[in-house]
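Residue numbers (the working numbering): 57 to 724.
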């Protein structure tokens with residue numbers, strides 16, 4: 057048996073043993089792709105196990121993340137901080153080896169995968185990041201960025217619609233350093249895929265503008281090497297290497313069947329597989345010569361050392377570019393960031409204008425983007441409606457050395473997952489945009505932004521029935537509440553240009569969470585604030601209007617409804633009813649504030665509360681209590697001008713004032 061096959065068999069043995077011990081998992085794919093992984097990681101993959109964060113490392117993405125034991129085996133064998141005990145704890149609570157690869161939990165994992173298709177999407181984002189950074193910072197005699205993005209994917213990834221969205225863009229962007237290995241084993245959970253996946257995959261990818269290497273024997277190291285060499289010969293086309301493999305390779309009674317996909321092989325079959333493979337070692341035992349054949353620490357240190365010498369030379373010769381790049385890769389903001397934000401907020405407050413918050417978002421970009429060369433964004437074919445283009449926007453297709461704007465086309469899901477990949481690569485702060493109602497198309501990638509987490513700014517305009525005549529298909533009513541239910545996602549719904557800029561600034565500063573900015577189509581009335589109120593916006597909620605007398609009731613409002621709250625409070629004041637107005641652009645942020653601050657804004661002593669928002673009412677019940685009232689929209693909306701719809705659904709100052717009086721009456 058060849059040495060290469062024995063190295064690959066180590067992956068097979070570790071994978072089937074870990075799945076068996078956990079009594080859960082997917083041994084088939086790791087066993088089927090082990091030979092491909094061995095050639096790639098030992099002969100081509102540029103990485104340093106001693107420093108998983110090295111800037112110029114190749115990125116490896118396991119898009120078919122259910123085969124996570126393949127990745128864990130590779131990391132362990134090549135020398136990462138992942139022990140044999142970690143592999144024995146596969147799929148156990150608090151282990152480094154979760155059921156699917158999890159970014160931030162395991163050294164060497166570049167992204168969380170499992171939802172099929174999103175891994176390849178992340179990979180497209182990473183490859184785009186490499187292309188843009190190399191175009192901007194590399195010099196003729198010194199390359200700081202020259203790495204590949206390798207993606208493993210299976211039939212399931214290619215069946216998911218997101219793969220069409222992102223692979224089309226990868227061809228358009230000519231991402232020559234994106235190389236994908238298609239595990240063409242003809243098996244998915246339900247069995248042989250011939251009954252439901254008959255696409256001409258090579259033709260499909262050629263149509264996208266990819267190079268395709270067909271019919272590669274995924275168990276022949278020489279054929280795999282030849283395919284990778286061919287893939288690397290193309291500088292302007294991503295490559296799909298179609299590898300014919302046998303799922304569960306080596307299992308004499310189950311290989312080639314769905315029985316190996318998502319269940320342990322069983323003790324008897326594992327014993328037979330060991331005999332079939334000629335693997336004579338007990339469970340979780342790897343002989344030293346196999347470890348030696350896999351260990352990549354020395355060559356990884358050598359590769360990074362050579363790069364460090366280039367980096368030192370670069371800093372000496374190009375100090376300004378080096379300082380900018382270092383700041384970007386470390387995720388730091390410019391030194392004058394706080395002063396710039398403060399001045400911009402004060403300027404907007406003094407130049408109060410009656411504008412839509414989608415327009416205020418564009419004004420925010422004009423104020424902040426010049427400081428942030430890392431800011432890169434785009435829209436799902438709605439640039440003119442989302443207002444995502446600012447005066448310094450440059451199409452990545454027209455100038456990759458300075459490109460910072462992406463025309464994503466109508467690809468909400470793909471757009472969002474690509475942005476996750478850009479953020480994970482490092483050096484970029486991505487923003488993406490569409491109508492709020494179409495955030496549903498991107499939903500799982502938004503969830504992944506929060507789960508990773510990836511610092512992505514999700515811009516959603518046309519935030520309510522206020523978009524009017526387009527009707528219920530375009531009027532989001534449940535979306536705000538559902539986005540707020542995603543853990544670790546900061547959801548902002550600003551009421552005017554000042555809150556919009558504050559939300560943008562917070563999203564840029566918040567490295568640990570993605571943000572969603574929910575913006576209006578219609579013009580909104582500017583609000584008056586003092587310096588303390590300006591400062592308190594970032595706390596999620598604050599007192600916008602305080603009555604002269606002791607507060608009898610509180611109105612809580614967001615976005616376009618804040619001006620209705622102000623008007624209603626003024627009407628009630630004329631009737632001798634003292635009402636406080638609380639603007640709550642970010643309820644999650646407010647909930648995380650100190651008890652002292654929350655009591656200042658929403659004291660328990662004031663139980664007469666009314667909330668108003670142009671969306672479903674259920675979310676706000678917890679904020680107003682059992683005695684409070686909520687004014688909102690609990691159906692799908694209708695087609696009519698916005699002002700008529702607001703009246704139709706009771707979103708008026710008069711109705712709000714009546715609700716306050718009703719609440720006070722109930723409380724006696």
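For each residue, glycine too, the CB sits at the ideal point set by N, CA and C.
What you are looking at is a predicted structure, and each value in this text was computed from that prediction instead of being measured.
- Message: Taking a contact to mean a Cβ-Cβ separation below 8 Å, would you say residue 175 touches residue 169 in this structure?
- Response: For the purposes of this step, residue 175 is identified with residue 119 of the chain shown, where counting begins at 1. For the purposes of this step, residue 169 is identified with residue 113 of the chain shown, where counting begins at 1. Going by C-beta atoms, residue 175 is nearer than 8 Å to residue 169.
- Taking just the CA atoms, how far does residue 463 sit from residue 690? Stepping through the chain shown from its first residue, residue 690 is reached at position 634. Stepping through the chain shown from its first residue, residue 463 is reached at position 407. Answer to the nearest angstrom: the Cα atoms are 35 Å apart.
- Query: What do you reckon, are the CB atoms on residue 72 and residue 301 nearer than 8 Å?
  - Reply: Locating residue 72 in the chain shown gives position 16, where the first residue counts as 1. Locating residue 301 in the chain shown gives position 245, where the first residue counts as 1. Result no, Cβ atoms of residue 72 and residue 301 do not sit closer than 8 Å.
- Query: Which partner residues of residue 300 appear in the DSSP bridge assignment?
  - Reply: Position 244 of the chain shown, counted from the start, is the residue given in the question as residue 300. In the DSSP output, where bridge partners are listed per residue, residue 300 has 240, 273.
- Task: Ignoring anything shorter than 4 residues or poking outside the stretch 130 to 154, list the alpha helix (DSSP H) runs there in chain order.
- Result: 140 to 144
- Message: Would you call the stretch 180 to 191 in contact with the stretch 488 to 501, where contact means no fewer than 3 C-beta pairs closer than 8 Å?
- Response: no
- Once you ignore the five residues that flank residue 665 on each side, which residues in its own chain have a CB closer than 6 Å to its CB? The residue labelled residue 665 in the question sits at position 609 within the chain shown. Once the five neighbours on either side are set aside, the close Cβ partners of residue 665 are 610, 680, 684.
- Return helix, strand or coil for residue 499, following the three-state DSSP convention. For this step, residue 499 is matched to residue 443 along the chain shown. Helix at residue 499.
- For residue 602, does the three-state DSSP call read helix, strand or coil? As a working note, residue 602 is residue 546 in the chain shown. Three-state DSSP puts residue 602 in coil, outside helix and strand.
- Item | Limits of the unbroken beta strand (DSSP E) element including residue 646 | The count along the chain shown starts at 1 and reaches residue 646 at position 590. Looking at the DSSP string, residue 646 is not in any beta strand (DSSP E); the run it does join, the alpha helix (DSSP H), is 643 to 647.
- Query: If we count the other Cβ atoms within 10 Å of its Cβ and call it buried at 16 or more, is residue 388 buried or exposed?
  - Reply: As a first step, residue 388 is located in the chain shown; it is residue number 332 there, counting from the start. Classification for residue 388: exposed.
- Assuming residue 476 contacts residue 510 (C-beta within less than 8 Å), just tell me the rounded distance between them. Position 420 of the chain shown, counted from the first residue, corresponds to residue 476. Position 454 of the chain shown, counted from the first residue, corresponds to residue 510. Confirmed, Cβ separation roughly 5 Å.
- Query: Ends of the alpha helix (DSSP H) at residue 388?
  - Reply: What you label residue 388 is simply residue 332 of the chain shown in a count that begins at 1. Element bounds for residue 388: n/a, residue is neither H nor E.
- Item | Distance cut-off 7 Å: residue 267 Cβ against heavy atoms of the ligand ZN | This structure lacks the ligand ZN, and indeed carries no ligand of any kind.
- Task: Would you be able to state if there are at least three C-beta pairs under 8 Å between the stretch 599 to 619 and the stretch 653 to 668?
- Result: yes
- Task: Please name the residue, chosen from 100, 428, 242, 298, that lies closest to residue 281 on a Cα-to-Cα basis.
- Result: In the chain shown, the residue the question calls residue 281 occupies position 225. If we check each option's Cα against that of residue 281, 100 comes out closest.
- Task: Inspect the CB distances between the stretch 430 to 438 and the stretch 537 to 552 and report whether three or more fall short of 8 Å.
- Result: no
- Comparing alpha-carbon positions, which option in 512, 449, 285 lies nearest residue 568? Stepping through the chain shown from its first residue, residue 568 is reached at position 512. Looking at the Cα atoms, 512 is the closest of the given residues.
- Message: Short of 8 Å in beta carbon distance, which residues of its chain neighbour residue 720, apart from the five on each side in sequence? Order them along the chain.
- Response: Counted from its first residue, the chain shown places residue 720 at position 664. Around residue 720: 608, 609, 633, 664.
- Message: Can you check which of these residues, 202, 576, 355, is closest to residue 550 by C-alpha distance?
- Response: Here the question's residue 550 lines up with position 494 in the chain shown. For the residues 202, 576, 355, the minimum Cα distance to residue 550 belongs to 576.
- Do residue 167 and residue 152 come within 8 Å of each other at the CB atom, strictly closer than that value? As a first step, residue 152 must be located in the chain shown, where it is residue number 96. As a first step, residue 167 must be located in the chain shown, where it is residue number 111. Against a cut-off of 8 Å, the Cβ pair of residue 167 and residue 152 comes out as no contact.
- Message: Give me the residue from 123, 332, 624, 517 with the minimum Cα distance to residue 93.
- Response: Here residue 93 refers to the residue found at position 37 when the chain shown is read from its first residue. Residue 123 is the option with its Cα nearest to residue 93.
- Task: With a 10 Å radius around its C-beta and 16 neighbouring C-beta atoms as the bar for buried, classify residue 612 as buried or exposed.
- Result: On the chain shown, position 556 is the one that residue 612 refers to. Classification of residue 612: buried, given that the 10 Å Cβ count is 16 or more.
- Item | Among 231, 244, 647, nearest to residue 209 - alpha-carbon criterion | As a working mapping, residue 209 is identified with position 153 in the chain shown. Taking only the C-alpha atoms, the option nearest residue 209 is 244.
- Task: Under 7 Å Cβ to Cβ from residue 357, same chain only, skipping five residues before and after it: list those, please.
- Result: Working through the chain shown from its first residue, we reach residue 357 at position 301. Hits under 7 Å: 104, 106.
- Does DSSP put residue 102 in a helix, a strand or coil? Walking along the chain shown from the start, residue 102 turns up at place 46. Coil at residue 102, not helix or strand.
- Query: Between residue 223 and the rest of its own chain, which residues show a CB-CB distance below 6 Å, the 5 nearest in sequence each way excluded?
  - Reply: By one-based count along the chain shown, residue 223 stands at place 167. Counting only Cβ-Cβ distances below 6 Å, and skipping sequence neighbours, we find 264.
- Query: Whose CA, out of 564, 718, 164, lies closest to the CA of residue 573?
  - Reply: Locating residue 573 in the chain shown gives position 517, where the first residue counts as 1. Ranking the options by Cα distance to residue 573, first place goes to 564.
- Short check: CB of residue 279 to CB of residue 272, under 8 Å? The count along the chain shown starts at 1 and reaches residue 279 at position 223. The count along the chain shown starts at 1 and reaches residue 272 at position 216. Contact: yes.
- Nearest to residue 558 (by Cα), restricted to the options 578, 636, 641, 490: Against the chain shown, residue 558 aligns to sequence position 502. Residue 558 has its Cα closest to that of 641, out of 578, 636, 641, 490.
- Please list, in chain order, all residues of the same chain as residue 115 whose beta carbon is under 6 Å from its beta carbon, the five residues on each side excluded. To locate residue 115, count along the chain shown from 1; it is residue 59. Closer than 6 Å at Cβ, skipping near neighbours: 166, 182, 205.
- Task: Helix, strand or coil for residue 612, going by three-state DSSP, please let me know.
- Result: Stepping through the chain shown from its first residue, residue 612 is reached at position 556. In this structure, residue 612 counts as strand in the three-state DSSP scheme.
- Query: Cα-Cα, which of 230, 125, 61 is closest to residue 82?
  - Reply: The sequence position of residue 82 within the chain shown is 26, counting from 1. Of the listed residues, the one whose Cα sits closest to residue 82 is 125.
- Query: Residue ranges of each alpha helix (DSSP H) run of no fewer than 4 residues wholly in the stretch 446 to 491, ordered along the chain?
  - Reply: 468 to 481
- Message: Classify residue 692: buried if its beta carbon has 16 or more other beta carbons within 10 angstroms, exposed otherwise.
- Response: Numbered from 1 along the chain shown, position 636 holds the residue referred to as residue 692. Label assigned to residue 692: exposed.
- How would you call residue 129, buried or exposed, if buried means at least 16 neighbouring beta carbons within 10 angstroms? Counting from 1 along the chain shown, the entry for residue 129 is found at position 73. Answer is buried; the Cβ neighbour count reaches 16.
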